[in-house]
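Step one of this worksheet: look at the structure below.
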Amino acid sequence: MAIPLLAHCEIAGSDITADALLTQRALAAHLVARQAHYHFTVKGNNQPTLERDIARHFVRRDVAPAFAEPAMLAHMMRMLATRSRIVFDYLRMTANSLGSAGAAPQ
7 MAIPLLAHCE
17 IAGSDITADA
27 LLTQRALAAH
37 LVARQAHYHF
47 TVKGNNQPTL
57 ERDIARHFVR
67 RDVAPAFAEP
77 AMLAHMMRML
87 ATRSRIVFDY
97 LRMTANSLGS
107 AGAAPQ
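Take 7 as the starting number for the sequence shown in this note's numbering and just add one per residue.
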């Protein structure tokens, strides 16, 4: 678990993120006790009750949902995808050039 890894880190006031694997009560309690903030990923197929509870918390019963993907977020996702593709292409070309030029002897 992540708790032993965080034991020697100064995390008070820090934002800690975790994927669905680490979305656990014990870790959340540990982070709160150490005055850190946490952002956990919740997958409905893994934790349907928790997902419903979170959705219920954000529902305003007197108005329709007023959320949409901001244009800036969509732009950032496109840039990230482009940059990832550029890095992948660079790594592929580098690997190909090492292979064709003869890699270092093993």
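From the three backbone atoms N, C-alpha and C, an ideal C-beta is built for every residue, glycine too.
Endpoints, the alpha helix (DSSP H) within which His36 is located
Reading the sequence shown from its first residue, position 30 is the one you call residue 36. Start and end: Arg31 to Ala39.
Does the pairing of the segment 54 to 66 with the segment 34 to 44 give three or more beta-carbon distances under 8 Å?
no
For Thr47, the three-state DSSP class (helix, strand or coil):
On the sequence shown, residue 47 is found 41 positions in, with the first residue counted as 1. Thr47: coil per DSSP, three-state reduction.
Sequence-distant residues of its chain with Cβ nearer than 6 Å to Phe46 (five each side left out)
Position 40 of the sequence shown, counted from the first residue, corresponds to residue 46. Cβ neighbours of Phe46 beyond the five flanking positions: Ala24 and Thr29.
Judging by CA-CA distance, which residue of His14, Ala18 and Pro10 is the nearest neighbour of Gln41?
Start at 1 with the first residue of the sequence shown, and residue 41 comes out as number 35. Closest option to Gln41, Cα to Cα, is Ala18.
Tell me which residues share the same chain as Ile22 and place their Cβ nearer than 6 Å to its Cβ, disregarding the 5 neighbours each side in the sequence.
Position 16 of the sequence shown holds residue 22. Excluding residues within five positions, the ones whose Cβ falls inside 6 Å are Leu37, Ala42 and Tyr44.
Just the C-alpha distance for His14 and Ala26, rounded to the nearest angstrom, thanks.
As a working note, residue 14 is residue 8 in the sequence shown. As a working note, residue 26 is residue 20 in the sequence shown. Spanning the two alpha carbons is a distance of roughly 23 Å.
Which residues in the same chain as Gly11 place their Cβ atom closer than 8 Å to its Cβ, once the five residues preceding and following it in sequence are excluded?
For the purposes of this step, residue 11 is identified with residue 5 of the sequence shown, where counting begins at 1. The sequence shown places Leu at residue 11, not Gly. Counting only Cβ-Cβ distances below 8 Å, and skipping sequence neighbours, we find nothing.
Mapping DSSP to helix, strand and coil, what is Asp21?
Within the sequence shown, numbered from 1, the residue matching residue 21 stands at position 15. Strand.
Under three-state DSSP, which class holds Ala109?
To locate residue 109, count along the sequence shown from 1; it is residue 103. Residue placement at Ala109 cannot be trusted, given a pLDDT of 48 that sits under 50; the coordinates are not used to answer.
Cutoff 7 Å; reference Val48; Cβ partners in own chain excluding five residues on either side
Locating residue 48 in the sequence shown gives position 42, where the first residue counts as 1. The answer, listed in chain order, is Ala26, Thr29, Leu56, Glu57 and Ile60.
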